[in-house]
Structures are given as C-alpha cells and as structure tokens.
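Asks: Here's a structure for you.
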Amino acid sequence: MHQLSPFTCRRLSHLPRLTSVWECDRRPLPMMPPAIGDDDVPLKGDCILWVDSLQGVVRGMNVVPAETGHEAIVRTLLQAIETPQGQVEPARPRKVVVCDREIQFFLRGALQSLDIPVEHSPELPAIDEIFEKIQSAVPPQVELPEDFEEILLKKAATIWQDAPWNAFSEQEILAIELNRWEIETLYLSILGIAGLEFGLLFYRDLDSLRQFRHKLLSSDDREEAMQQAFLEQNCLFINFNPAEGVVPLSSSSVSGLPAAAVDYDFGSVHPLEGLRSQLAEEEAASLVVALEALHRFLKKHDVHTKNFSLQSISSRFRIPNPASLEQAGKELVPVKISTLPEVSAAFLSETGSDSSLADMGFELEGELGEFLDSANAAIVDDSVPEGSLIMLSSYRTKEIEQLREHRRIYYQNFLTPPEKTPSSKAKWPVLTIQTTRPKAKQLVERLKLEGGIQAICFNPGSDLASGQIFQIGLLKTAAGSLHLFNEYEINEPTDSQAIEKWMLNSDSNNGCCGCIIAAGATGGKRGRPTAREIVAFFEVFTKLPEELGLTPLVMSYSTEW
C-alpha cells in the first residue's frame, strides 16, 4: 500500500485540527439521462464525498469511474483538507467515519502518518441525506409501460428464437398494416444477417426509410452520416444484445444464444424528439401486436425461399388486443403483413447486387477465420471481480493436503475421478484468484451453484485488426458455463512462460491442477495468500480446447451507430 510522502505529512500537520468528525463514503451515481447530442453520454461512476458532519458542509467531492481504486478517496480527502469546497478554511478533521469496512482498512493504512483515526459506523446521516437529494433529483426512468412489459419481453424473446435475420436482409422490407393507435402501417427493416447487430426497425412511414438509406449511401463521411441520419429517422425499434456478462465466442454464435441470455432494448427515434427509450402505452401495444403478427407470418410461410421478398405475398391475422388503456377484453385486432417487392428490389439494387451490404460483411467474416460450430457457446466475463489479482503458481503435494484438511476452507474434490492418481512428487499447477473477502465468497457461491469447477483451459485467440495473439484463461463449470479469468499475451515473455510452466506441471501431475479463491487483495497478504486468506480450493483438471469442443477465438467488431 502506498504511503503519503513525508513532505505532504509535514505540510498538512501545520493546518489546524477541527473538533468535528468527517463522514466519508463512495457510492454509485444514478444514471443521468443525457440530452440528445453528438458527445452526450450518461453520467455514471462512483461519487466520493467528504462531509463535515458538525458544520453540515461538503468539503470534498469527486466522481470517478467505478473501477478506480480507493486511492481516489485519499486524493479527495487531501482536497477537502487543503482546498475545501463550501467556503470553509483549510483544516484537518478530528477523526473520520466510514460505513464500509474495506474503505476503513484502506484509510487506516494510508492515513497512519497523519494521525487521523478512522472509525466504522453502519450509518452516515449527513452523507445519507445528500445522496437522498441526489436520488430525488433524478426522475425515474420507466422504459416500458408496466401493463405491457411482461408481454412485450415475451414477444421479443419469441422473435429472437424465430431469427428472421436468417431469411431477410435490411433491404427486404415488410409492411405491417395496423390501422390502430394512430398508426396505419409500420414498415419493417430487419437487421442481423451479418451476425453483427440484431434489431427490428419499424418505420412509421416509408419516406423516412427511403431518406435514411439515401443519406447513408450518398454521404462521403460514413460515420458522421450515420449519426445524423440515425437521429432523423421516424421509427420504433428493438435491439437484441447479449446480456451483461455474456460474451459470445464469435459474432456468428450470437444468434444462437438462448433467449434468457439476451437483453431487449426498446425505443423510438423521431426527427424532432430524438432518441428515447420510453414507450407510450399506444406504442407498446402496437409493438406487441406487430411482433405477434410477424411471428405468425414467419411460421406460415417458407421465408427462406429464394427471392421470397421479391414476390407479392401477404397474410391477414387477427391478434388479441393487449391495450389495457382501452379495456378491450378479447377484442381482436386485424393485421395484414405484406412483402413489398418493388421497394425491396429498389433497395437491393442500390447496393449493386441482390445481396445486402450485410451479406458481404458476413462472407468476409467467414473468410477471416473458423468460428465455433456450437451456437450456444458463450463466455461469461463478469464472474471474476474487477481488480482481482490473478496468479499462476505451483504448490507441493503437502501444501495441497493442508488445504484439503483445513476446516475453514471450502474444498471441492475432483468432480470426476482422475484416470491417473496425482503424482506425490510433482508440483500442482494452481490458479489463484485473489480479491476482497465478500467478493471471494460471492464468487465461490456462484461456482457452487453451477456444480463446481470441472476444468481449467487456455484457449488460443487472435485480434485480426491488431495482429495480437493471446490465450484466454477459462474455468469450465459442471453446468457447462465458461468463465473468463484472464487474457495472456503470447508475445509477452512473462505470460507465455507462465502458461508453458503450467502445462509442464500439469503433464507431470497427470493433468491434475487446482484453483484457489482467496481474500486479502487489498491487504498485506496481496500476492501471497495464506490459509487465513484462502476461502476455497477446487481440485480440477487441465483440459485442452479440443477436449471442451472449443476452436480458436477470433475477435470481431460490431458496427455502432
């Protein structure tokens, strides 16, 4: 842990010491919705506050990215002491109070040279009041009307499973006639045939779709044109994205993810209103009906027939009215879905062929590398806590036996008996994930819920854009999930030697290895956990990628508007 320099300590010691107690905490900010603009992004991160509880004054405040270490708390304290906010004089506190044990231990070590006591309290009244005001200043963002949320998500999940992008390009347009909720016809453009972006764009008028495509294709500055043209659209939309923490092994495997591993984003774009993620009840109702009609249309027709969109095909359906605002009961809404051969042919001809721009991207992607055959394969990348220390090391058999027998350490034996008994003389290769104790326990519980760790694997990968070659460290659980724990650069000697040594030790130990989950990442035992810091020990196997059905990972990049 870093200590304040003697010069800083001497400088601060000349400032007067107050009789008041300062409260300190670090809390995530609520998402602040931005106005529509080129560079606007939601305000997010952690807010660090230092408050004089006696005077009721905020002496120091800072907003930092969530992954920033606790050193930022000390930096904010120094500002609160020397250059405070709130028109108060520079001064030191009598003591400071925090409600987070991890922050308390960190500050005790960092501030010991300043002779400032750091105490723990479960409540911080002054800071609680400030954050309550911050929370009340942020209007609640209800994106979907409550009465429609469940059914809308259900319909979207059904469309995800239907995968209409396997049959239609974005140039092949369908007309959905509703004549309800002040909407006559929605013109549907389906994104996703390239396996990069998956979505449905329901244009409120055909002219908006034509103008969007014209601006997109005629502009020299494609990125700038896309941003401007996107905001001038007039449509409802649904985006399909892998859920947070789910990283597909390749872009071609995204579409095979189960519906539960997908997030659905709904919204509207209007030339005057801009982009919004909140839907009115009428808009939600129209999407429910349109999605159900689309699902029935896809099931009724062989949409994979060549030139299907260039044929004049239509179907009529009667869809139950979901609109709670009309108290419609069992009323049925007549809906007609039709292909638009002339429009689709015109859009296809604009790209110079009967295949879409997305088709060409898909073909190029196929040439760049071999992707996984398993469509459902995905990497979970949020299991290992941020800031964890990842180490590849080796343990003697005697040390392994001590871990097995320790009453405070959770121990998992091999999930399947090893073909050969681990060698008593060989060293065990051991992966250690060291974090804080609460996060270590949380990780262990997650792994236990998935049946425990079955294997550790290093899967090769490459980034075609940069030419970088790397190895992805993966934990395979009994439930079949792949949890990413680290990336190792092959061109980095330290990384390559660590993996080479791991494989040699593994071979000597008949493929047997271990995984330790430990606490103490912010304390004196960082990098060298003892039995006191170790929370769990898993006996597992080292597996080759081929044994787990994995092929090399090729990094791919999706386009963003």
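The numbering of the sequence shown is the numbering used here, which starts it at 56 and goes up by one. A virtual CB, placed ideally from N, CA and C, is assigned to each residue, including glycine.
In terms of residue numbering, what span does the beta strand (DSSP E) encompassing Ser323 cover?
Replies: That run of the beta strand (DSSP E) goes Val317 to His325.
Asks: Residues bridged to Ile238 by DSSP?
Replies: In DSSP, Ile238 forms a bridge with Arg235.
Asks: With respect to the beta strand (DSSP E) encompassing Arg371, which residues constitute its N-terminal and C-terminal limits?
Replies: Note, Arg371: beta strand (DSSP E), Ser369 to Pro375.
Asks: What does DSSP give as the partner residues of Glu78 in its beta bridges?
Replies: Looking at the DSSP assignment, Glu78 forms a beta bridge with Val106 and Val152.
Asks: Out of Asp80, Leu559 and Pro584, which has the shortest C-alpha to C-alpha gap to Ala127?
Replies: Here the closest residue by C-alpha is Asp80.
Asks: Do you know offhand how far Leu243's Cα is from Leu504's?
Replies: Roughly 42 angstroms between the two C-alpha positions.
Asks: Looking at the strands, I want to know which residues DSSP matches up with Thr487.
Replies: BP columns for Thr487 point to Met446 and Ile571.
Asks: Given a cut-off of 8 angstroms, decide if Leu272 and Ile434 are closer than it, judged by their beta-carbon atoms.
Replies: It is not a contact, given that the beta carbons lie outside the stated cut-off.
Asks: Between Gln266, Pro600, Gly566 and Thr487, which has its C-alpha nearest Ile527's C-alpha?
Replies: Checking every option, the nearest Cα to that of Ile527 belongs to Pro600.
Asks: Do you know how far the Cα of Ala181 is from the Cα of Gly111?
Replies: So the alpha carbons of these two residues sit roughly 7 angstroms apart.
Asks: Does the region 148-163 touch the region 122-140, meaning 3 or more C-beta pairs lie closer than 8 angstroms?
Replies: In short, these stretches touch, since the Cβ pair count reaches three.
Asks: Considering Cα atoms alone, identify which of Ser563, Val595, Lys361 and Val119 is closest to Lys480.
Replies: Residue Ser563 is the option with its Cα nearest to Lys480.
Asks: Skipping 5 residues on each side, what residues in its chain have a beta carbon closer than 8 angstroms to that of Gln457?
Replies: Excluding residues within five positions, the ones whose Cβ falls inside 8 angstroms are Ala586.
Asks: Bridge partners for Thr597 per DSSP, in chain order?
Replies: In DSSP, Thr597 forms a bridge with Ile511.
Asks: Please name the residue or residues paired with Pro389 in a DSSP beta bridge.
Replies: DSSP output for Pro389 lists Arg373 as bridge partner(s).
Asks: Give the range of the alpha helix (DSSP H) segment to which Arg66 is assigned.
Replies: Counting along the chain, the alpha helix (DSSP H) containing Arg66 begins and ends at Pro61 to Ser68.
Asks: Is Leu98 helix, strand or coil by DSSP?
Replies: Below a pLDDT of 50, predicted positions are generally treated as unreliable, and Leu98, at 49, falls in that range; the measurement from the model is reported next regardless. Strand, per DSSP.
Asks: Check whether the Cβ atoms of Gln575 and Gln467 lie closer than 8 angstroms to each other.
Replies: It is Gly, not Gln, that sits at residue 575 in the sequence shown. Not in contact: Gly575 and Gln467 (Cβ atoms no closer than 8 angstroms).
Asks: Buried or exposed for Gln618, please, with buried defined as at least 16 other CB atoms from any protein chain shown within 10 angstroms of its CB.
Replies: Only positions 56 to 616 of the chain appear in the structure, and residue 618 is not among them; the question remains open.
Asks: Using the C-alpha atoms, what's the distance from Arg235 back to Leu291?
Replies: Their Cα atoms are separated by approximately 15 angstroms.
Asks: Inspect the beta-carbon positions of Val106 and Glu78 and report whether they are closer than 8 angstroms.
Replies: Yes.
Asks: Between the alpha carbons of Thr452 and Glu500, how many angstroms are there, rounded?
Replies: Thr452 and Glu500: Cα-Cα distance of roughly 26 angstroms.
Asks: Which residues does DSSP list as the beta-bridge partners of Ala591?
Replies: Ala591 is bridged to Tyr465 and Ile572.
Asks: Should Glu347 and Lys210 be called a contact, given that it needs their Cβ atoms to be closer than 8 angstroms?
Replies: Yes. Within cutoff.
Asks: List, from N- to C-terminal side, the alpha helix (DSSP H) runs of 4 residues or more that fit wholly inside the region 151-229.
Replies: The region 151-229 contains these whole alpha helix (DSSP H) runs: 156-165, 180-192 and 201-217.
Asks: For Ser438, which of Ala121, Phe540, Lys482 and Phe352 has the nearest alpha-carbon?
Replies: Nearest option by C-alpha distance: Phe540.
Asks: Grab me the residues of Ser399's own chain with a C-beta within less than 7 angstroms of its C-beta, minus the 5 sequence neighbours each way, in chain order.
Replies: If we look at Ser399 and ignore the five residues flanking it on each side, its Cβ neighbours are Gln226, Glu227, Ile228, Ser364 and Leu365.
Asks: Does Asp320 get closer than 8 angstroms to chain B when you measure Cβ to Cβ?
Replies: Protein chains in the displayed structure number just one, and chain B is not present.
Asks: Where does Glu122 fall in DSSP's three states?
Replies: Glu122: coil per DSSP, three-state reduction.
Asks: Assuming Arg147 is part of the beta strand (DSSP E), what are its boundary residues?
Replies: Here Arg147 belongs to no beta strand (DSSP E), and DSSP marks it neither H nor E.
Asks: Taking its Cβ as the centre, do 16 or more other Cβ atoms sit within 10 Å of Lys150, making it buried, or is it exposed?
Replies: Flag for Lys150 reads exposed.
Asks: Within a Cβ cutoff of 6 angstroms, which residues of the same chain sit near Arg268, ignoring the five residues on either side of it in sequence?
Replies: Same-chain partners within the cutoff: there are none.
Asks: Excluding the five sequence neighbours on either side, which residues of its own chain have a C-beta within less than 6 angstroms of the C-beta of Ile589, listed in chain order?
Replies: Excluding residues within five positions, the ones whose Cβ falls inside 6 angstroms are Ile464, Ile571 and Ala573.
Asks: So, at 7 angstroms on beta carbons, what are the nonlocal neighbours of Val119 in its own chain, with the 5 sequence-adjacent residues on each side left out?
Replies: Correct list, in chain order: Gly100, Asp101, Ile103 and Ala127.
Asks: Could you tell me the distance, in whole angstroms, from the CA atom of Lys496 to the CA atom of Ala345?
Replies: Spanning the two alpha carbons is a distance of roughly 46 angstroms.
Asks: Leaving out the 5 sequence neighbours to the left and right, which residues in its chain are closer than 8 angstroms to Glu231 when beta-carbon positions are compared?
Replies: The residue asked about is misnamed: residue 231 is Ile in this sequence, not Glu. If we look at Ile231 and ignore the five residues flanking it on each side, its Cβ neighbours are Thr240, Leu241, Tyr242, Leu243, Phe257, Ala345, Ala348, Leu349, Val390, Lys391 and Ile392.
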